[in-house]
Amino acid sequence: MTKISEFCDLATDDLRQREQDLYDQVFRLRIQKSMGQLDSSGKLRETRRDMARVKTVLRERASNLEAASGSAGESADE
85 MTKISEFCDL ATDDLRQREQ DLYDQVFRLR IQKSMGQLDS SGKLRETRRD
135 MARVKTVLRE RASNLEAASG SAGESADE
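Mapping of the sequence shown onto the working numbering: residues 85 to 162, in sequence order.
Structural data, given as C-alpha coordinates:
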(Lines of atoms letter the chains of each structure in order from A and count residues from 1; the text may use other names and numbers.)
(Lines give C-alpha, C1' and ligand atoms only; values in the text may rest on other atoms or scores of the structure.)
Protein backbone atom coordinates (compact mmCIF):
# COMPACT_ATOMS: atom_id res chain seq x y z
CA MET A 1 0.00 0.00 0.00
CA THR A 2 1.29 3.39 -0.97
CA LYS A 3 0.41 6.42 1.09
CA ILE A 4 -1.27 9.35 -0.61
CA SER A 5 1.53 11.66 0.56
CA GLU A 6 3.94 9.67 -1.62
CA PHE A 7 1.71 10.30 -4.63
CA CYS A 8 1.50 14.02 -3.82
CA ASP A 9 5.28 14.27 -4.14
CA LEU A 10 5.27 12.93 -7.71
CA ALA A 11 5.05 15.06 -10.84
CA THR A 12 1.81 14.99 -12.83
CA ASP A 13 3.39 13.07 -15.72
CA ASP A 14 4.73 10.49 -13.27
CA LEU A 15 1.27 10.15 -11.73
CA ARG A 16 -0.30 9.55 -15.12
CA GLN A 17 2.31 6.89 -15.86
CA ARG A 18 1.70 5.31 -12.44
CA GLU A 19 -2.05 5.34 -13.13
CA GLN A 20 -1.51 3.48 -16.40
CA ASP A 21 0.81 0.97 -14.71
CA LEU A 22 -1.74 0.33 -11.96
CA TYR A 23 -4.51 -0.07 -14.54
CA ASP A 24 -2.43 -2.72 -16.33
CA GLN A 25 -1.66 -4.43 -13.04
CA VAL A 26 -5.35 -4.56 -12.07
CA PHE A 27 -6.12 -6.07 -15.46
CA ARG A 28 -3.51 -8.80 -15.00
CA LEU A 29 -4.65 -9.50 -11.44
CA ARG A 30 -8.27 -9.83 -12.55
CA ILE A 31 -7.26 -12.37 -15.17
CA GLN A 32 -5.24 -14.30 -12.61
CA LYS A 33 -8.21 -14.26 -10.24
CA SER A 34 -10.57 -15.58 -12.88
CA MET A 35 -8.15 -18.40 -13.69
CA GLY A 36 -7.67 -19.24 -10.02
CA GLN A 37 -3.97 -18.36 -10.06
CA LEU A 38 -4.11 -15.33 -7.77
CA ASP A 39 -2.03 -16.02 -4.67
CA SER A 40 -3.14 -13.05 -2.59
CA SER A 41 -6.70 -11.78 -3.01
CA GLY A 42 -5.78 -8.63 -1.08
CA LYS A 43 -3.35 -7.59 -3.80
CA LEU A 44 -6.19 -6.76 -6.20
CA ARG A 45 -7.95 -4.64 -3.59
CA GLU A 46 -4.73 -2.85 -2.65
CA THR A 47 -3.92 -2.08 -6.29
CA ARG A 48 -7.40 -0.71 -6.97
CA ARG A 49 -7.11 1.54 -3.92
CA ASP A 50 -3.70 2.80 -5.04
CA MET A 51 -5.22 3.63 -8.43
CA ALA A 52 -8.00 5.56 -6.67
CA ARG A 53 -5.40 7.48 -4.67
CA VAL A 54 -3.57 8.46 -7.86
CA LYS A 55 -6.82 9.58 -9.47
CA THR A 56 -7.67 11.60 -6.36
CA VAL A 57 -4.35 13.47 -6.47
CA LEU A 58 -4.75 14.15 -10.20
CA ARG A 59 -8.30 15.41 -9.63
CA GLU A 60 -7.16 17.69 -6.80
CA ARG A 61 -4.43 19.16 -8.98
CA ALA A 62 -6.88 19.77 -11.82
CA SER A 63 -9.36 21.50 -9.53
CA ASN A 64 -6.58 23.61 -8.00
CA LEU A 65 -5.50 24.72 -11.47
CA GLU A 66 -9.08 25.62 -12.37
CA ALA A 67 -9.50 27.56 -9.15
CA ALA A 68 -6.22 29.40 -9.69
CA SER A 69 -7.08 30.30 -13.28
CA GLY A 70 -10.60 31.29 -12.23
CA SER A 71 -9.37 33.66 -9.53
CA ALA A 72 -6.78 35.09 -11.92
CA GLY A 73 -9.53 35.72 -14.47
CA GLU A 74 -11.64 37.52 -11.88
CA SER A 75 -8.72 39.79 -10.98
CA ALA A 76 -8.18 40.70 -14.61
CA ASP A 77 -11.83 41.70 -15.01
CA GLU A 78 -11.63 44.26 -12.23
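C-beta: ideal position from N, C-alpha, C; glycine also.
At least 8 angstroms separates the beta-carbon of Leu142 from that of Leu106. Contact between Leu128 and Lys139 is ruled out by a C-beta separation of about 17 angstroms, above the 8 angstroms threshold. Boundaries for Leu94: no alpha helix (DSSP H) harbours it, and the DSSP string shows neither H nor E there. With a threshold of 16 other beta carbon atoms within 10 Å, Arg133 falls short and is exposed. Judged by their CB atoms, Met135 and Glu90 are not nearer to each other than the 8 angstroms cut-off.
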